[in-house]
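A.B. asks: First residue of the sequence shown? That's 1 in the UniProt record's numbering, and the numbers climb one at a time after it. All residues carry an ideal CB built from backbone N, CA and C; glycine is no exception. Quantities reported herein were computed from a predicted structural model and do not represent experimental measurements. Here it is, the structure in full.
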Amino acid sequence: MSPPVDVYETDEGLILLADMPGVTPESLEVKVEDNVLHLRGEIAEAPGEEVRPEYVEVRGREYYRAFTLGPEFDQEKIEATLKHGVLRLFIPKVESERPRRIEIRTVQ
Numbered sequence: 001m002s003p004p005v006d007v008y009e010t011d012e013g014l015i016l017l018a019d020m021p022g023v024t025p026e027s028l029e030v031k032v033e034d035n036v037l038h039l040r041g042e043i044a045e046a047p048g049e050e051v052r053p054e055y056v057e058v059r060g061r062e063y064y065r066a067f068t069l070g071p072e073f074d075q076e077k078i079e080a081t082l083k084h085g086v087l088r089l090f091i092p093k094v095e096s097e098r099p100r101r102i103e104i105r106t107v108q
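Printed below as a string of structure tokens:
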């Protein structure tokens, strides 16, 4: 199942928010391979084997999404957090791609 994702760009990099309810940090995998960012997470099991579902809307038990990263992003410095079922990634731009302010001096 493909999780819904929002992507925001700042001067420093990208912020990616992926809705992955039911996923725990232990069942979540985030990796970069050949310039592709892979998000994979498994939904936690029901609250016990003795419990039988009466009604189920979520059919898939696994989330998966992939994104191609361009050379302007520093793949070695990606940060990830998971809170309330939302995976947040910060994908920084390499220093040379970030805008920088140039100081203007007056001359006499």
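Tell me, which residues are paired with R88 by DSSP?
C.D. replies: L17, T81
A.B. asks: Give me the Cβ distance between G13 and F90, rounded to the nearest whole Å; I'm assuming they're in contact under 8 Å.
C.D. replies: 6 Å
A.B. asks: Tell me the DSSP bridge mates of R98?
C.D. replies: Answer is none; R98 lacks a bridge partner.
A.B. asks: How long is the line joining the alpha carbons of R40 and K93, rounded to whole angstroms?
C.D. replies: 23 Å
A.B. asks: Any idea if V23 is buried or exposed, counting beta-carbon neighbours within 10 angstroms, 16 or more meaning buried?
C.D. replies: buried
A.B. asks: What does the Cβ neighbour count give for I102, buried or exposed, with the cut at 16 atoms within 10 Å?
C.D. replies: exposed
A.B. asks: Based on Cα-Cα distance, which residue from T10, V5, S2 lies nearest to R98?
C.D. replies: T10
A.B. asks: What number of angstroms, rounded off, separates the C-alpha of L17 from the C-alpha of E57?
C.D. replies: 23 Å
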